[in-house]
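Colleague: Encoded as structure tokens, here's the structure I'll be asking about.
4 protein chains.
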Amino acid sequence: MALKTSDEYVERLQRMKPNVYAHGRKIGRDDPMLELPINTLRFTFDAVNDPDLKDLLITKSHLTGEKINRFTSLNLTIEDLYTQQEMKRKCCHRVGGCTQRCMATDTLNAIGVISKEIDEAKGTQYHNNFVEFVKYYQASDLVGSTSQTDVKGDRKARPSQQEDPDLYLHVVEKNSSGIVVRGAKNHITMGPYVDEHLVIPTRRMTEEESEWAVAFAIPADADGIKIISRVVAPRKRINLKAPYNDYGVSDSVVVFDNVFVPWERVFMCGEWEFAGQLALTFAGFHRHSYCGCKPAVTDIILGTAALVAEYSGVEKASHIMDELTELMIIGELVYASGIAAAAKAKKTASGIYTPKFIYSNTGRYLAGINIYHEYDILASIAGGLPSTLPAEEDWLNPEIGPDLEKYIKRKPGISAEKLHRLFRFISDYSCSAMGGWAQYVGVHGGGSPVMEKIGIRAEYDLESRKQIAKFLAGIEDD
Amino acid sequence: MALKTSDEYVERLQRMKPNVYAHGRKIGRDDPMLELPINTLRFTFDAVNDPDLKDLLITKSHLTGEKINRFTSLNLTIEDLYTQQEMKRKCCHRVGGCTQRCMATDTLNAIGVISKEIDEAKGTQYHNNFVEFVKYYQASDLVGSTSQTDVKGDRKARPSQQEDPDLYLHVVEKNSSGIVVRGAKNHITMGPYVDEHLVIPTRRMTEEESEWAVAFAIPADADGIKIISRVVAPRKRINLKAPYNDYGVSDSVVVFDNVFVPWERVFMCGEWEFAGQLALTFAGFHRHSYCGCKPAVTDIILGTAALVAEYSGVEKASHIMDELTELMIIGELVYASGIAAAAKAKKTASGIYTPKFIYSNTGRYLAGINIYHEYDILASIAGGLPSTLPAEEDWLNPEIGPDLEKYIKRKPGISAEKLHRLFRFISDYSCSAMGGWAQYVGVHGGGSPVMEKIGIRAEYDLESRKQIAKFLAGIEDD
Amino acid sequence: MALKTSDEYVERLQRMKPNVYAHGRKIGRDDPMLELPINTLRFTFDAVNDPDLKDLLITKSHLTGEKINRFTSLNLTIEDLYTQQEMKRKCCHRVGGCTQRCMATDTLNAIGVISKEIDEAKGTQYHNNFVEFVKYYQASDLVGSTSQTDVKGDRKARPSQQEDPDLYLHVVEKNSSGIVVRGAKNHITMGPYVDEHLVIPTRRMTEEESEWAVAFAIPADADGIKIISRVVAPRKRINLKAPYNDYGVSDSVVVFDNVFVPWERVFMCGEWEFAGQLALTFAGFHRHSYCGCKPAVTDIILGTAALVAEYSGVEKASHIMDELTELMIIGELVYASGIAAAAKAKKTASGIYTPKFIYSNTGRYLAGINIYHEYDILASIAGGLPSTLPAEEDWLNPEIGPDLEKYIKRKPGISAEKLHRLFRFISDYSCSAMGGWAQYVGVHGGGSPVMEKIGIRAEYDLESRKQIAKFLAGIEDD
Amino acid sequence: MALKTSDEYVERLQRMKPNVYAHGRKIGRDDPMLELPINTLRFTFDAVNDPDLKDLLITKSHLTGEKINRFTSLNLTIEDLYTQQEMKRKCCHRVGGCTQRCMATDTLNAIGVISKEIDEAKGTQYHNNFVEFVKYYQASDLVGSTSQTDVKGDRKARPSQQEDPDLYLHVVEKNSSGIVVRGAKNHITMGPYVDEHLVIPTRRMTEEESEWAVAFAIPADADGIKIISRVVAPRKRINLKAPYNDYGVSDSVVVFDNVFVPWERVFMCGEWEFAGQLALTFAGFHRHSYCGCKPAVTDIILGTAALVAEYSGVEKASHIMDELTELMIIGELVYASGIAAAAKAKKTASGIYTPKFIYSNTGRYLAGINIYHEYDILASIAGGLPSTLPAEEDWLNPEIGPDLEKYIKRKPGISAEKLHRLFRFISDYSCSAMGGWAQYVGVHGGGSPVMEKIGIRAEYDLESRKQIAKFLAGIEDD
């Protein structure tokens, strides 16, 4: 059966060769430091048994006919894209933010589209490689990273112009059995707890840069790979348990130090004309995913702000209602843009549907420029308490706990415990390292707003709009 | 044949009894003052012959099977809603803004939905009346107004609490052949050049207000109707002809002074529980229409700004590109919201699909809060010249015309005439009574942003978001 | 006596040689078309007799000791700058917008500062010329234009690189008695009704461009000058007289076709190093003026919006109060920035105080990016009526006037006439050619926001901020 | 000598009775947990010896003529207010944010103003009490808190309507030697390391609420006081020392459990008419202080963003320059508003100058609505690295440190160490609990934007603006 349990996933991780480093130590994948981040991925396995989620999560493989987890599936209809978006929104509600696993979903779909195009143009066999890999990926219910972002070195120089050619990952050797690559990928979410790294280019390449035009899949513990991780998780709770505090995340620098990749796992190697297209196709899918997950973040902020307003007895205050409505609008416009991207999706030669690029981008853009604003609204409505709330330990201290209980009371009928839980959640959510992480990922994950602007304007038919202006103004070109 | 020509339409108007007043005079419907506004409607008839537009404009009546103008059609599929949106965008490009005629399309669809609901709840015959009326409307290729907005008097008092009960239009008499109504409808676009006034309520009503819960269709020259109009049109041109300057608009106070309506043209009379629903259903359709037409306005502003940047040689300046991209995003997000409203539309008992209300609203909202901002971008990029450009007459004056030509030159290769045409267009478009009108309609037409906020929050499931917050925070309700 | 009456001013105009063109005709300065624009200037003369204004308007010449109009004065103390700002705000309240006359005040002050600097650097006599000119200007209570903005041609080419060297005004001949200039200045407010044109450079010049580095004063009817004007004024009223409708404006292209300027009226000729400084010093003064006049525009919009809210009975609605408060904040922040510019003003070698450049700029910038937003707030609060209100003629038509009176009623106790006056004012103010003009001038007058940004960043000590960051981060430079 | 050393300050703290609780324990004031927060206060003592700061920090007592620290001084001239603002800006640069100590400065000044007014109205002796207290405060170079914000309970109920009367601090007993108070003050910055708590009311009171109208000073370790603290500090560094990481903050709930205050330290007791005025006067001073310190926060963000742009080689990219300029404008407009508040300050009966309330508010408002936006700009320019940068320990790990050094390189010539220091600083500054704290305090400290809006509109002369509108529209009141 292609649906695996979260325990099976964790056991796989524990069988891997140790090549993870974090906070000063080389650690095993069973290190307690990774427990919360891995919990997030566990959720994506457990959710197939959740009555509210299973219809979204379980789908059928078009390759094998088996039931698979949608996180491992390809989007073969517009309906698939609608469902992806809804699944992401609903799952993010449960883990209090990013479920992380859609990275690979989007990368696989993008590789599927472009490997087919390369084959058609060049007579290569990449799409076969891809199909075989997807069968394996689905059958084992794997987790993959998106190892896309190079460290990039001097931002004004191209890959081939860097002082150190490794600043973009590149092919350093080819032979009959495979290729050898060197470089590092940055900001790689899930680094220590993926089965496979899915490696794709970060940008357009020129003919001189064909050695940097490379895409492949590689087991996460392959020789030569080092995963250097920063783990971020909410504050630990003592008695005041809360689901939010059970999930974490880790981002890594993944170093590829002369890593060998066999040909059957290579999806692009030297076809520089397709490097930018692969980068962009991934971006199109992933920004569409954001149109699902970012509304979930807004839902969380909105629900929290609404609850604190209710508990404080000010939920009918007009400026509060207005700010809550603003959140509704941000969330729903982002979601709407994702729906539009799906509704107007195009079927590619591979059979995979690609969401309409401009609407993936407008949705992600709107989310990106509003994330700090949403935290601002939450802080505004919550008041200062999330930043000054004494620690849980103090509440457990009998000398002062009763004072804290007495003085936190607000609207009659709302217990001190509820208020305590709510404000501690807001504090952990928005006034913490985890909150800072979420703000940054809200801006940059999947491409920052400035990237969406570039994407939008690059493909926009501005000329047709100028023609409209010329027509109305009575300007005739010679 | 159900498709009529624009001449046939104008002839119909000229056969009507004179009851139009404008700028101090009682005028015939052939008065030159109305030429430009009527041109806009003429366009909607002529467009069925336009190769670029006819596939959007011509559809088939589901009632008669005849070819009809889509402006007279009902939306019986999601595809119909997509096409409506696209048709509106493309038509607006041609007349430089609002085509006006979709008012009636949206009103008919809304009446279609609600008359069915009333009949099902009350055993009335309104939907039959409606179907018969639509057959007539389609067969004759009619133009209708949306006579919805009452003058409303004291904003803090309900209809039944006004000092003067006529401040909301109401039924003052019923008899076996029909009803008699009194009141006035305000801001009625196309007042002097519609065939029919389509009258619907402006708001929710209470049981005490059943006399104000009324909807019907009435010929525009029926006894007791006075149409008091303000005509707005672009400045006249002498030699420098431009399509933009050929179209205008007129809004009216339509006074109903004891007007008789026969029962077969009544679609609601006293069913106060449905008044709000009809108002809202119309709003849902019409705000969806705005998701088509407002992007066209953005297209015009965008194309114009891009052209002036090009002619000035600054089209690559980064702050210019950035502002143009912002326009792209505004336009496409509004359009995307309309697509989402259509994609998630619901089929009603009448067979008509209603666009998903929240997305009609988020799209219209975004358009509404940005219209002045878009004019700001145009003004910023155009520079001050649209506000200081000497009159066309001066360009024709041989003493100074050559000076004006000499000193308007910008980028080499762009003729003085092109520059003159472009800046005059911008001046007429954005620095004029017509521009002011467009700004106001951009805010208020179809419901101002504050109305969309109310609409959004009224139907939003905020409770489910609070539950998400409670779940994540570990708050359990008793 | 140096204070002249408005009649004396108008008589001066009428004695001038005709060289004004407008709307197709060559006109005298007594042409009715100019009546409303000239009224605005008349106000600045009459105001010296207004009990509420005279203490602001009358000051003493530091050159002659005579009472003079502050519009002709130099700023010799910080207090002078405070008073200038207050005078501008209060005067603008009376004419419903720009009083126009401060253009010259700011130009004179800027020439005063820079002519002194040139003399000190170069041993020239420009400051003497300036002092003599100011004595004459003050004694006669003159009105001057600021003829600064060149037509500029190709925006990517410098003055010396244009296909036509006249696209920036330049010196074409020098002889013992004076200089001859050719070119045209654009957007020149008050063109047809100034006594003198005050001509200054529009930008920095290089050594190759010394012929374009020129500043002087010249009577408005000097040989070779043509003034091509666009006149803008509010709609005419019939019975419903209102002060707002009594004032207008005119902007002109002023063509200098080989105009001779005697040496004693030249303030810069060839000292290219000072061209940019003169342009910038004027900008510094004039943007400070905007910190006085723009808050007055906000006051008008704010008061009008507050009044329409009151008359509609919604003045306590929270979203209304919020928008009104936003207007208060915009207006007062702009004003505060002007106060700061004055409080931190620097005394120059000439004795004139120059407001602190950065604060003149931040104030002007904030005003510039908000002007359309302010109109948006007004439109939002006013509702659609300003754009659809039937013409005054219709109110005078006995067939329909009573209908209009009946149906405009709002809050009990507010007469139909008051409502009519208010909505007609809003219509004329914001939904008209005059309103469009005000929006453009709100963006571009005195330099558009993008110019202020350039000005701010050009003189900002960014390095010191980087040092703060380095200090806190523990980064030591080698 | 009235200037004390930071060691003398710390010794005073260590002599106090232990009544501080933090993170689960009752701690001494010498607990290491408090080291970083206390460092911030130490800075304010040490700065009197700093050549760049001493002229700002040392002033003369008007009571004793002795040299004192300006943080203990009263503002007796407009120049004093200018200097306060500048001192705050420059000091904040050094500690990377809030210096905390100005709380007391502002509270003392406010008590000084209002105690005089009460005495004049009521014949009380509060101002004498105040003067004696200030002499002591200055002579000992003390540190005081502002214990203003009550916990407030049910937000819809007034102090006298709460279920528990202690939810606002109140007088529970009066006798010949003094008063006894009960309640708790919330969000009290510097709680564990002040000499004195300065207690003032949080809001307007009614006659029924005279027991809540109370102000006084009390030693921080007086009987009955418990200080429950949350300590926030930047992440600890190992080798990579940086000044930013040396400073912290602590906020507390300060519980007053039947605390006795002798009459000579009482400044208000029952004079309910002055409670609101005291709260507002403090707000006026403190929001003026924010006009000094918030621009320093902007300076830090601006300098940091500019530095990361420089090190990445993109400092000339137009969208970067634009965002940096936006930061300049925000910072300088806030500062300008503070200058205006000082320039237009009014002398009160006490001799103390109060900054003009509206400009204190507009400045603080602008800062408050922009703080999240500023962090957004920093995140946008910095890219994702601050959120994913591996820990310092990893850089020290010889297995992976060299990889991290290799792959962080950017612009040629910028060492890996500099990049590491900079990104670690940004990470600690903006992607951390400390950063979250700074965002919250940026919104709420000194009054959140919604409070400034209320303050502005409460004192705004809106009527005069309506009169301007009426005048221009020709509306005459009866």
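First to last, the protein sequences are chains A, B, C and D.
Counted from 1, the first sequence has number 211 at position 206 by our numbering; the numbering is strictly sequential.
Counted from 1, the second sequence has number 69 at position 64 by our numbering; the numbering is strictly sequential.
Counted from 1, the third sequence has number 156 at position 151 by our numbering; the numbering is strictly sequential.
Counted from 1, the fourth sequence has number 160 at position 155 by our numbering; the numbering is strictly sequential.
For each residue, glycine too, the CB sits at the ideal point set by N, CA and C.
From a predicted model like this one, the values you see are computed outputs, not experimental measurements.
#1: Would you say Ser342(B) reaches chain A, if we count a Cβ-Cβ gap shorter than 8 Å as a contact?
#2: Starting from Ile63(B), trace the beta strand (DSSP E) in both directions and tell me its first and last residue.
#3: If you draw a straight line from the alpha carbon of Leu86(A) to that of Thr45(D), how long is it in whole angstroms?
#4: Between Pro267(A), Gln282(A), Glu422(A), which has its C-alpha nearest Val186(A)'s C-alpha?
#5: Does the stretch 153-165 of chain D come within contact of the stretch 299-310 of chain D, defined as at least 3 CB pairs closer than 8 Å?
#6: Rounding to the nearest angstrom, what Cα-Cα distance links Cys96(D) and Thr393(C) in this structure?
#7: Do Asp399(D) and Ile233(A) have their C-beta atoms closer together than 8 Å?
#8: Helix, strand or coil: which one does DSSP assign to His318(C)?
#9: What are the partner residues of Pro267(A), as DSSP defines its beta bridges?
#10: Does any C-beta atom of chain A lie closer than 8 Å to the C-beta of Asp327(C)?
#11: For Lys423(D), which three-state DSSP category applies?
#12: With a floor of 4 residues, list each alpha helix (DSSP H) that falls wholly inside the stretch 18-68 of chain D, ordered by position along the chain.
#13: Does any CB atom of chain B fall closer than 8 Å to the CB of His378(D)?
#14: Any heavy atom of the ligand PLP inside 7 Å of the beta-carbon of Ala144(C)?
#15: Using beta carbons (cut-off 8 Å, strictly below), is Ser385(A) in contact with chain C?
#16: Less than 7 Å between C-beta atoms, sequence neighbours within five positions excluded: which residues of the same chain meet that for Leu41(C)?
#17: Answer yes if the stretch 316-330 of chain B comes into contact with the stretch 368-377 of chain B, meaning at least three C-beta pairs across the two stretches below 8 Å, and no otherwise.
#18: Sorted by chain position, which residues of the same chain lie with C-beta nearer than 6 Å to Asn263(C)'s C-beta, five sequence neighbours on each side aside?
#19: Quick one: which chain D residues come within Cβ less than 7 Å of Pro248(C)?
#20: Let me check one thing: in DSSP terms, what residues is Ile236(B) bridge-paired to?
#21: Assuming the contact rule is C-beta atoms closer than 8 Å, Arg415(A) and Ser317(A) should be a hit. Round their C-beta distance to whole Å, please.
#22: Measuring only the C-alpha atoms, how far is Lys231(A) from Gly460(B)?
#23: Since Val260(C) sits in a beta bridge, which residues does DSSP pair it with?
#24: In three-state terms, what does DSSP make of Ser78(C)?
#25: From the DSSP output, in three-state form, read off Pro224(B) for me.
#26: Using a C-beta to C-beta distance shorter than 7 Å, which residues of chain C count as neighbours of Pro417(B)?
#27: To the nearest angstrom, report how far apart Leu427(C) and Gly450(B) are at their CA atoms.
#28: Out of Ala474(A), Phe430(A), Asp483(A), which one is the CA nearest neighbour of Gly101(B)?
#29: Which residue's Cα is closest to the Cα of Met6(D): Gly70(D), Ser453(D), Phe48(D), Asp57(D)?
#30: What does Ser234(D) reach in chain A if we use C-beta pairs closer than 8 Å?
#31: Within 10 angstroms of the Cβ of Glu216(D), are there 16 or more other Cβ atoms? Answer buried if so, exposed if not.
Modeller: Reading from the atomic positions:
#1: Reading the second sequence from its first residue, position 337 is the one you call residue 342(B). So, interface residue.
#2: Along the second sequence, one-based indexing puts residue 63(B) at 58. Counting along the chain, the beta strand (DSSP E) containing Ile63(B) begins and ends at 63-65.
#3: For the purposes of this step, residue 86(A) is taken as residue 81 along the first sequence, with counting starting at 1. For the purposes of this step, residue 45(D) is taken as residue 40 along the fourth sequence, with counting starting at 1. Per the coordinates, the alpha-carbon of Leu86(A) lies some 54 Å from the alpha-carbon of Thr45(D).
#4: Within the first sequence, numbered from 1, the residue matching residue 186(A) stands at position 181. For Val186(A), the closest C-alpha among the options Pro267(A), Gln282(A), Glu422(A) is that of Pro267(A).
#5: Flag = no, the stretch 153-165 of chain D and the stretch 299-310 of chain D do not touch.
#6: The residue labelled residue 96(D) in the question sits at position 91 within the fourth sequence. The residue labelled residue 393(C) in the question sits at position 388 within the third sequence. Taking the straight line from one Cα to the other gives about 57 Å.
#7: Here residue 399(D) refers to the residue found at position 394 of the fourth sequence. Here residue 233(A) refers to the residue found at position 228 of the first sequence. Against a cut-off of 8 Å, the Cβ pair of Ile233(A) and Asp399(D) comes out as a contact.
#8: Here residue 318(C) is taken as the residue at index 313 of the third sequence, counted from 1. According to the sequence displayed, residue 318(C) carries Gly and not His. The answer is coil: DSSP assigns Gly318(C) none of H, G, I, E or B.
#9: Counting from one through the first sequence, the residue named residue 267(A) turns up at place 262. Its beta-bridge partners are Gly183(A).
#10: Residue mapping note: residue 327(C) aligns to position 322 of the third sequence, counting from 1. Against chain A, the CB of Asp327(C) has a partner CB under 8 Å away; the residue lies at that interface.
#11: Locating residue 423(D) in the fourth sequence gives position 418, counting from the first residue. Here Lys423(D) sits in helix by DSSP.
#12: Runs of the alpha helix (DSSP H) inside the stretch 18-68 of chain D: 40-51, 59-62.
#13: For the purposes of this step, residue 378(D) is taken as the residue at position 373 of the fourth sequence. Not an interface residue.
#14: The ligand PLP is not among the ligands present in this structure, which contains no ligands whatsoever.
#15: Position 380 of the first sequence, counted from the first residue, corresponds to residue 385(A). No, Ser385(A) does not count as interfacial toward chain C.
#16: What you label residue 41(C) is simply residue 36 of the third sequence in a count that begins at 1. For Leu41(C), the CB contacts under 7 Å within the same chain, skipping 5 residues up- and downstream, are Ala238, Asp251, Tyr252, Gly253 in chain order.
#17: No, the stretch 368-377 of chain B does not touch the stretch 316-330 of chain B.
#18: As a first step, residue 263(C) must be located in the third sequence, where it is residue number 258. Counting only Cβ-Cβ distances below 6 Å, and skipping sequence neighbours, we find Val185, Arg187, Gly229.
#19: For the purposes of this step, residue 248(C) is taken as the residue at position 243 of the third sequence. By Cβ distance, chain D contributes Phe476, Leu477, Gly479.
#20: Here residue 236(B) refers to the residue found at position 231 of the second sequence. According to the sequence shown, residue 236(B) is Val rather than Ile. Answer is Ser255(B).
#21: The residue you call residue 415(A) lines up with position 410 of the first sequence. The residue you call residue 317(A) lines up with position 312 of the first sequence. Between Ser317(A) and Arg415(A) the Cβ distance is about 5 Å, and since that is below 8 Å, they are a contact.
#22: As a working mapping, residue 231(A) is identified with position 226 in the first sequence. As a working mapping, residue 460(B) is identified with position 455 in the second sequence. Lys231(A) and Gly460(B) have their C-alpha atoms some 53 Å from each other.
#23: Taking the first residue of the third sequence as position 1, residue 260(C) is located at position 255. Bridge partners of Val260(C): Ala189(C), Lys231(C).
#24: Position 73 of the third sequence, counted from the start, is the residue given in the question as residue 78(C). Coil.
#25: Start at 1 with the first residue of the second sequence, and residue 224(B) comes out as number 219. It is a strand residue.
#26: Sequence index remark: in the second sequence, residue 417(B) carries index 412 (1-based). For Pro417(B), the neighbours in chain C by C-beta distance under 7 Å run, in chain order, Asp159, Glu168.
#27: One-based indexing of the third sequence puts residue 427(C) at position 422. One-based indexing of the second sequence puts residue 450(B) at position 445. The alpha-carbon atoms of Leu427(C) and Gly450(B) are separated by roughly 21 Å.
#28: Taking the first residue of the second sequence as position 1, residue 101(B) is located at position 96. Out of Ala474(A), Phe430(A), Asp483(A), Ala474(A) has the C-alpha closest to the C-alpha of Gly101(B).
#29: Reading the fourth sequence from its first residue, position 1 is the one you call residue 6(D). Out of Gly70(D), Ser453(D), Phe48(D), Asp57(D), the CA that lies nearest to the CA of Met6(D) is found in Gly70(D).
#30: Reading the fourth sequence from its first residue, position 229 is the one you call residue 234(D). The contacting residues are Pro395.
#31: Taking the fourth sequence and counting its residues from 1, one reaches residue 216(D) at position 211. Buried, because 16 or more other Cβ atoms sit within 10 Å of the Cβ of Glu216(D).
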